[in-house]
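Student: Reading the sequence shown from the start, the letters are residues 20 to 695 in my numbering. Idealized CB from N, CA, C, for every residue including glycine. Source: prediction; values computed, not measured. Here you go, one structure.
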Amino acid sequence: MRLIKPFVLLMIIATLETMNGCQSTTEKETTDGYPVYHGNDLGVNYTRNKTTFRIWAPSASEIIVRIYDQGIEGNMIESHNMKADKDGTWKLELKGDRKNQYYTLQARFGDEWKNETPDMYAKAVGVNGNRGMIVDLSSTNPDGWEKDTKPPLAGFSDIIIWEIHLRDFSIHSSSGITNKGKYLAFTEEGTLSPEGEKTGIDHLKELGITHVHLLPVFDFATIDETRLNEPQFNWGYDPKNYNVPEGSYSTDPYDGNVRIREFKQMVQALHKNGIRVIMDVVYNHVFDAVVSSFEQLVPGYYFRMTDEGKFSDGSACGNETASEKAMMRKFMIESLKYWATEYHIDGFRFDLMGLHDIETMNLVREELNKIDSTIFLYGEGWTAGESPLPIEKRALKANAAQLDGIAVFSDDIRDAIRGPWWEQDTPGFMTGHLNLEESIKFGVIASTSHPQIDYNKVNYSDKPYATSPLQTITYVTCHDNPCLWDKIVSTCNKCKKKDMLDIQKLANAIVLTSQGVSFLHAGEEIVRTKKGEDNSYNLPDSINQLVWHNKSIYKDVFSYYKELIALRMNHPAFRMSTAEMINRHISFFDTDKPLFLGYQISDNANSDKWKDIIVFYNANSKITEVDLPDGEWVIVATKDFITEEGFTAKGLGKDQIKKTMVPAHSIMILVDKASI
Ligand code: CA
Numbered sequence: 020m021r022l023i024k025p026f027v028l029l030m031i032i033a034t035l036e037t038m039n040g041c042q043s044t045t046e047k048e049t050t051d052g053y054p055v056y057h058g059n060d061l062g063v064n065y066t067r068n069k070t071t072f073r074i075w076a077p078s079a080s081e082i083i084v085r086i087y088d089q090g091i092e093g094n095m096i097e098s099h100n101m102k103a104d105k106d107g108t109w110k111l112e113l114k115g116d117r118k119n120q121y122y123t124l125q126a127r128f129g130d131e132w133k134n135e136t137p138d139m140y141a142k143a144v145g146v147n148g149n150r151g152m153i154v155d156l157s158s159t160n161p162d163g164w165e166k167d168t169k170p171p172l173a174g175f176s177d178i179i180i181w182e183i184h185l186r187d188f189s190i191h192s193s194s195g196i197t198n199k200g201k202y203l204a205f206t207e208e209g210t211l212s213p214e215g216e217k218t219g220i221d222h223l224k225e226l227g228i229t230h231v232h233l234l235p236v237f238d239f240a241t242i243d244e245t246r247l248n249e250p251q252f253n254w255g256y257d258p259k260n261y262n263v264p265e266g267s268y269s270t271d272p273y274d275g276n277v278r279i280r281e282f283k284q285m286v287q288a289l290h291k292n293g294i295r296v297i298m299d300v301v302y303n304h305v306f307d308a309v310v311s312s313f314e315q316l317v318p319g320y321y322f323r324m325t326d327e328g329k330f331s332d333g334s335a336c337g338n339e340t341a342s343e344k345a346m347m348r349k350f351m352i353e354s355l356k357y358w359a360t361e362y363h364i365d366g367f368r369f370d371l372m373g374l375h376d377i378e379t380m381n382l383v384r385e386e387l388n389k390i391d392s393t394i395f396l397y398g399e400g401w402t403a404g405e406s407p408l409p410i411e412k413r414a415l416k417a418n419a420a421q422l423d424g425i426a427v428f429s430d431d432i433r434d435a436i437r438g439p440w441w442e443q444d445t446p447g448f449m450t451g452h453l454n455l456e457e458s459i460k461f462g463v464i465a466s467t468s469h470p471q472i473d474y475n476k477v478n479y480s481d482k483p484y485a486t487s488p489l490q491t492i493t494y495v496t497c498h499d500n501p502c503l504w505d506k507i508v509s510t511c512n513k514c515k516k517k518d519m520l521d522i523q524k525l526a527n528a529i530v531l532t533s534q535g536v537s538f539l540h541a542g543e544e545i546v547r548t549k550k551g552e553d554n555s556y557n558l559p560d561s562i563n564q565l566v567w568h569n570k571s572i573y574k575d576v577f578s579y580y581k582e583l584i585a586l587r588m589n590h591p592a593f594r595m596s597t598a599e600m601i602n603r604h605i606s607f608f609d610t611d612k613p614l615f616l617g618y619q620i621s622d623n624a625n626s627d628k629w630k631d632i633i634v635f636y637n638a639n640s641k642i643t644e645v646d647l648p649d650g651e652w653v654i655v656a657t658k659d660f661i662t663e664e665g666f667t668a669k670g671l672g673k674d675q676i677k678k679t680m681v682p683a684h685s686i687m688i689l690v691d692k693a694s695i
C-alpha cells in the first residue's frame with residue numbers, strides 16, 4: 020500500500036504530546052452503546068448433527084438466513100428467522116448434516132432490508148464470495164496435515180523474508196510449473212526452467228530464505244472468479260471475506276472446500292521444505308464499505324467516520340476500519356488466531372498498520388503468543404491519509420517502542436539506499452546521491468540508539484524508534500514502487516549494464532549485512548524488471564510475473580544473493596538480537612568520503628566465530644582507497660566474490676595491512692586473519 024510522504028508524517032508526529040489511556044477489553048458496552056459479545060462462537064459452526072449460526076447484529080430488527088444448494092444461482096432450499104439472543108447476538112440452530120450447503124444472511128433495520136451477504140466470520144464461501152458455505156473443516160485437511168510442523172526458528176533475528184505475489188511466482192511459461200498461478204504451484208518439487216535452473220519451491224530452498232511472505236491470499240474482490248480464463252490481475256488489497264482463502268488461486272473457486280484444502284497443501288509443502296509462511300493481512304479497510312458484510316449487518320459500527328458522517332479514508336481506499344472498537348478488535352484478533360491455528364500460518368504483515376491502534380496490536384501479539392510465540396508480526400508503520408484515530412494511539416513507526424514484539428518497515432534505510440519512493444528518477448546512495456551515509460548507518464544498526472549516529476542527518480527519523488533490532492524490517496524494495504532493477508535503470512543514466520548489475524548486488528548486500536530482519540522483494544535475485552512500472556497492482560502478468568529465464572541469464576547475481584544469504588546465516592554478528600549488543604560491538608569509521616561508509620563488528624559479536632569484521636559500502640563509480648585498523652585483514656567479500664575462507668586461500672589476492680582498495684559499486688568485508 021502506498022504511504023503518505025514521510026516528511027508530512029514527521030510534521031504530524033512532531034505535534035505528538037502525551038501517550039494516554041487505553042480501552043478496556045472486557046467492557047460490557049461499545050462506544051456506540053451496543054452490548055459487547057465475549058463468546059468465541061461467532062459465525063457458523065458445523066457438526067454432523069447440527070449447524071449453529073451466531074451473529075452479532077445489535078441494531079438489527081430481524082435477520083433471515085437462506086440456505087442454497089449452490090454458491091451462486093441454483094435453488095434456495097429453505098429460509099429461517101434468527102432469534103435475538105444475548106449481548107446483541109442472533110442465533111439459529113439447524114438440525115441435521117448441513118455440510119456443503121451455502122447460505123446468506125439478510126438483516127432488516129426498521130423498514131429497510133439490507134442485501135443478502137455472508138457473515139463477516141464466514142470460513143468458506145462460494146465463487147466470488149457472495150454466499151457463505153457450511154464447512155466441515157476437518158474434511159478439508161490434506162493427508163498428513165495433523166503431522167504438519169513448522170520449520171525450526173531459534174529467534175526472529177534468523178528470519179530472511181521473500182515477498183511474493185502468488186500468481187507472479189509461477190504464471191510464466193518458463194516456471195516449468197503445472198499449476199500456474201495457483202496455491203498448488205508451491206507444492207510442485209523438481210521443477211526447472213527451460214535452461215535447467217531450479218524454479219518454484221526448489222529455487223527458494225536453493226536461495227536459502229526462511230520465510231515466504233504472500234501478498235493477499237484471503238478472499239478479495241477485484242478478480243472475477245467466474246472468468247478465470249480471461250486475463251485478470253490484482254495484488255488483492257481489496258478484502259471481501261477475511262477468513263477465507265482467495266478463490267482465483269484455487270483449481271475450483273465454485274466448491275468452497277477446494278480453496279481451503281489447496282491453501283493447506285501449499286502451507287504443508289512449504290513447511291516440509293523448511294520454509295515458513297507469512298500472510299499479508301489488510302484489516303485496515305475493505306473493498307467496498309457499503310456492501311461489506313460489516314455494514315450490511317451492523318451499519319455504521321465497524322468503520323471510522325468523519326464529523327460529516329462519511330467514511331473516513333485513512334487508507335486512501337475509500338474507508339478505514341475502527342480497530343479501537345471492541346467488536347472490530349475482537350474480529351481482528353479472532354481472525355488472526357483462526358489463520359494461525361486452522362492454516363498453520365507463521366507470521367502476519369499488517370498493511371497500513373498505522374491505522375490500527377497500539378492497544379489492539381499489542382493484544383494481537385499477546386493472543387498469538389498463546390498459540391505460538393515464534394509467529395512473526397510486522398507492518399507498515401504509517402497511514403495513507405488522514406485518520407480520526409489520534410496519532411498517539413496509532414501503531415506508527417514513530418510509536419514502535421510501544422509495540423511489544425512487532426516490527427515496522429524501515430523506510431529510512433529503504434529510501435536511503437534506493438532513493439525516495441515518490442520520485443522515481445531521484446537516486447539514492449546506491450546510484451550516487453550524496454549525504455545519505457548517516458541514514459544508511461541508521462539502517463545498519465536497525466533504527467536503534469547508537470552514540471555514533473547523528474540523528475539530525477537521518478532522512479526520515481530524527482530519533483531512534485526501535486528498542487530492539489528485531490523491531491526493524493531492513494529492506495530496499497517491495498511490491499510497492501519500482502522494483503530494484505527499474506530504480507537502478509531510472510537513476511543511473513551513465514551506468515553501463517555491468518555497473519547496474521553491480522549495484523543490484525550492492526543494494527541487497529547492504530540489506531543482508533545490516534542488523535534487523537532482512538526482507539527481499541521476490542525476483543531481485545534474478546534481476547526482475549517491471550518494465551519501469553512503479554504501481555503494478557492491476558497490470559498484466561507481462562509486467563508482474565517472474566521470468567525464470569532470467570535465472571540463467573543472471574546466474575552470477577543469483578549466486579551472489581545466495582552466498583550473501585549463506586554468509587548472513589553463518590555469521591550471527593550480522594543478526595544481533597538486542598540494541599545493547601549492537602552498541603557494544605559495532606563502531607563506525609570516520610572515513611569522511613562521499614558515497615562511502617564503513618564499520619567494524621568487534622569481539623566475536625553474538626558468538627560469531629569471526630572475532631573482528633570490517634564492512635565497507637562503496638557507492639562510488641570508482642575504486643576507493645581506505646585506511647584499515649592495525650592488524651592483518653583477510654578479504655572475504657566484494658562484489659565479485661564471497662568466500663568465507665578468505666580471498667587469500669583462493670589465490671585471489673593478498674591479506675590487507677593498513678590500507679585496502681574497495682572496488683566501485685561494491686561491498687567489501689574483511690576479517691581479522693587469526694579468525695580465518
Ligand atoms: Ca475473490
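1) Since I believe V530 is in contact with D537 (beta carbons under 8 Å), could you give me their beta-carbon distance rounded to a whole number of angstroms?
2) On the premise that T667 lies in contact with M687, defined as a C-beta separation below 8 Å, what is that separation, rounded to the nearest angstrom?
3) Within the same chain, show all residues whose beta-carbon is closer than 7 Å to that of P25, passing over the 5 residues directly before and after it, in chain order.
4) Kindly list the residues whose CB is nearer than 6 Å to the CB of S524, restricted to its own chain and excluding five residues on each side of it in sequence; keep chain order.
5) By how many angstroms is the C-alpha of L223 removed from the C-alpha of H469?
6) For ligand 1, which residues have a Cβ under 7 Å from at least one heavy atom, in chain order?
7) Can you tell me which of the three DSSP states F660 falls into?
8) Give the range of the alpha helix (DSSP H) segment to which Q284 is assigned.
9) In chain order, what are the residue ranges of uninterrupted alpha helix (DSSP H) at least 4 long that sit wholly in the region 533-603?
10) Indicate the three-state DSSP secondary structure (helix, strand or coil) for K114 in the structure shown.
11) Beta carbon of H230, beta carbon of I294: below 8 Å?
12) Drop a sphere of 10 angstroms on the beta-carbon of L371, count the other beta-carbons inside from all chains shown, and report buried for 16 or more, exposed for fewer.
13) How many angstroms separate the CA atom of L520 from the CA atom of Y636?
14) Roughly how many angstroms separate the alpha carbons of D299 and T679, rounded to a whole number?
15) Determine the contact status of D604 and D575, defining contact as a CB-CB distance below 8 Å.
16) Give me the Cα-Cα distance between I507 and S571, rounded to the nearest whole angstrom.
17) Cβ of H184 within 8 Å of Cβ of N557?
18) Take E135 and list the residues in its own chain whose beta-carbon comes closer than 6 Å to its own, dropping the five residues that flank it on each side.
19) Which residues bound the alpha helix (DSSP H) around L355?
20) Can you list, in chain order, the residues of its chain with a C-beta nearer than 6 Å to that of A693? Leave out the 5 residues immediately preceding and following it.
21) Take H363 and list the residues in its own chain whose beta-carbon comes closer than 6 Å to its own, dropping the five residues that flank it on each side.
22) Looking at K283 and T159, is the spacing between their C-beta atoms short of 8 Å?
23) What residue ranges within the region 287-327 form continuous beta strand (DSSP E) runs of no fewer than 3 residues, ordered along the chain?
24) Work out the CA separation of D423 and A414 for me, nearest whole Å.
25) Tell me whether V84 sits in a helix, a strand or coil according to DSSP, three-state version.
26) To the nearest angstrom, report how far apart R384 and L396 are at their CA atoms.
27) I think A528 touches T491, with their Cβ atoms under 8 Å apart; what is that distance to the nearest whole Å?
28) Going by other Cβ atoms of all chains shown within 10 Å of its Cβ, with 16 needed for buried, is H57 buried or exposed?
29) Please classify A173 as buried or exposed, where buried requires at least 16 other C-beta atoms within 10 Å of its C-beta.
30) Identify, in the order they occur along the chain, each residue of the same chain with its Cβ nearer than 8 Å to the Cβ of D518, setting aside the five sequence neighbours on each side.
31) Out of curiosity, what's the CA-to-CA distance linking I74 and K201?
32) For G93, which of V146, S212 and K118 has the nearest alpha-carbon?
33) Name the two residues that bound the continuous alpha helix (DSSP H) containing T379.
34) Quickly, what does DSSP pair I179 with across the bridge? List them, please.
35) For E244 versus G266, is the C-beta spacing smaller than 8 Å?
36) Throw me the rounded Cβ distance for the V427 and A420 pair, which I believe falls under 8 Å.
Tutor: Looking at the atomic coordinates:
1) The residue you asked about is not Asp; residue 537 is Ser in the sequence shown. The pair is a contact, with the Cβ atoms about 6 Å apart (cut-off 8 Å).
2) Not confirmed; about 14 Å, so no contact.
3) Unreliable placement is indicated for P25, whose pLDDT of 41 sits below 50; the coordinate value is still reported in the next sentence. Excluding sequence neighbours, P25 sits near D430 and Y479.
4) Reading off the sequence shown, one finds Lys at residue 524, where the question assumed Ser. The residues are Y579 and K658.
5) 35 Å
6) N147, G148, D238, F239, A240, I242, E244, K259, E265, G266 and S267
7) coil
8) G275 to K291
9) 560-563, 569-572 and 574-589
10) strand
11) yes
12) buried
13) 16 Å
14) 44 Å
15) Rather than Asp, the amino acid found at residue 604 in this sequence is His. Contact: no.
16) 21 Å
17) no
18) T123 and Q125
19) A345 to E361
20) none
21) D167 and V286
22) yes
23) 295-300
24) 11 Å
25) strand
26) 8 Å
27) No, A528 and T491 are not in contact; Cβ-Cβ is about 18 Å, not under 8 Å.
28) exposed
29) exposed
30) C511, S640, A683 and H684
31) 32 Å
32) V146
33) I377 to I390
34) S537
35) yes
36) So it is not a contact: roughly 10 Å between Cβ atoms.
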